[in-house]
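Numbering (my numbering), first residue to last: 74 to 350.
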């Protein structure tokens with residue numbers, strides 16, 4: 074298939090595409106710099122709800138030298154807050170999470186309370202407490218709606234694997250018999266909210282990711298073309314294990330930089346097709 078649609082906007086995952094833990098992946102700085110130099114709309118997406126966009130911008134710049142504007146970072150916490158505001162404006166929530174989540178929910182006008190809230194919202198944190206989880210369980214059992222920022226079961230750290238939002242959500246679900254509604258990837262809702270954020274259209278946007286089961290499937294279901302980079306969770310030989318395919322598979326984000334550069338030339342829209350998968 075030859076796809077003749079132009080590429081005008083880009084979405085990209087962060088971990089495994091731009092950085093590996095705290096280290097930049099070769100080509101990441103050049104990719105972001107090229108987009109910014111030519112004023113190409115883009116967003117960096119992450120399921121991590123711990124940090125605010127401002128926090129993430131500083132962390133990326135200091136540790137990796139990658140300069141991503143605050144307004145170009147879209148987290149599962151922001152997507153969750155937007156979902157709550159769309160569903161029940163001016164509502165209330167009991168929040169288990171860090172500042173990235175609490176700030177986002179506060180900014181849309183929600184009241185955070187443990188007294189008969191509309192929602193229990195679970196995000197990622199490094200300090201899960203038994204008391205907070207117990208309170209969440211009791212509120213959900215009493216009728217609060219259960220929302221989780223993302224289904225990731227674990228995450229990396231310098232010391233090794235850590236339990237993430239999906240693992241704690243499973244604990245709460247086991248206790249209550251209630252499943253959460255997950256906002257982050259692979260829910261295409263997060264992709265749609267990101268597209269709306271930069272007023273982009275799915276048909277002229279490409280999603281870059283390192284995981285077939287989150288980045289690629291959510292991009293595909295949101296109607297975008299997708300590029301899998303082999304610097305993260307999914308390797309080239311694993312692509313055929315899935316019933317769906319990315320539009321392209323490349324070794325790293327460095328291989329995407331020429332696409333962006335050509336796209337920015339006058340009267341020349343780069344085509345991303347599946348010819349080279």
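Every residue, glycine too, gets a C-beta built ideally from N, C-alpha and C.
This one's a predicted model, so the numbers in the text were calculated from it and none came from an experiment.
Based on DSSP bridge pairs, tell me the residues matched to residue i.
| i | result |
| --- | --- |
| residue 192 | 166 and 218 |
| residue 146 | 117 |
| residue 82 | 278 |
| residue 185 | 166 |
| residue 140 | DSSP, once it has assigned bridges, lists no residue as partnering residue 140. |
Looking only at its own chain, which residues have a Cβ that is under 6 Å from the Cβ of residue i, when we skip the five neighbours before and after it?
| i | result |
| --- | --- |
| residue 257 | 120, 149, 222, 223 and 263 |
| residue 179 | none |
| residue 228 | 235 and 237 |
| residue 88 | none |
How many angstroms separate the CA atom of residue i from the CA atom of residue j?
| i | j | result |
| --- | --- | --- |
| residue 74 | residue 115 | Reliability of the predicted coordinates at residue 74 is poor, the pLDDT of 35 falling under 50, and no value is obtained from them. |
| residue 248 | residue 336 | 51 Å |
| residue 90 | residue 172 | 24 Å |
| residue 349 | residue 206 | Any answer about residue 349 is weak, because its pLDDT of 44 lies below 50 and its placement is not dependable; what the coordinates show is given next. Approximately 47 Å between the Cα atoms of the pair. |
| residue 260 | residue 133 | 25 Å |
| residue 147 | residue 291 | 15 Å |
| residue 334 | residue 99 | 16 Å |
| residue 332 | residue 226 | 34 Å |
| residue 140 | residue 215 | 45 Å |
| residue 197 | residue 86 | 17 Å |
| residue 303 | residue 211 | 43 Å |
| residue 240 | residue 107 | 38 Å |
Under 8 Å Cβ to Cβ from residue i, same chain only, skipping five residues before and after it: list those, please.
| i | result |
| --- | --- |
| residue 300 | 279, 280, 281, 282, 319, 320, 321, 322, 323, 329 and 345 |
| residue 213 | 193, 219, 245, 249 and 251 |
| residue 153 | 122, 174, 177, 178, 194, 196, 220, 222, 256 and 257 |
| residue 271 | 82, 114, 115 and 116 |
Pick out whichever of the options has its Cα sitting closest to the Cα of residue i.
| i | options | result |
| --- | --- | --- |
| residue 298 | 242, 285, 94 and 276 | 276 |
| residue 94 | 311, 334 and 305 | 305 |
| residue 309 | 293, 296 and 285 | 285 |
| residue 269 | 156, 92 and 307 | 156 |
| residue 307 | 123, 83 and 289 | 289 |
| residue 142 | 166, 162, 160 and 112 | 112 |
| residue 170 | 233, 200, 131 and 104 | 200 |
| residue 145 | 109, 311 and 102 | 109 |
For residue i, which residues in the same chain have their Cβ closer than 7 Å to its Cβ, ignoring the five residues on either side in sequence?
| i | result |
| --- | --- |
| residue 125 | 172, 173 and 176 |
For chain C, is any of its Cβ atoms less than 8 Å away from the one on residue i?
| i | result |
| --- | --- |
| residue 115 | Of the chains in the structure shown, none is chain C; there is only one protein chain. |
Minimum length 4: unbroken alpha helix (DSSP H) runs contained in the stretch 229-302: 238-249, 261-270 and 290-294
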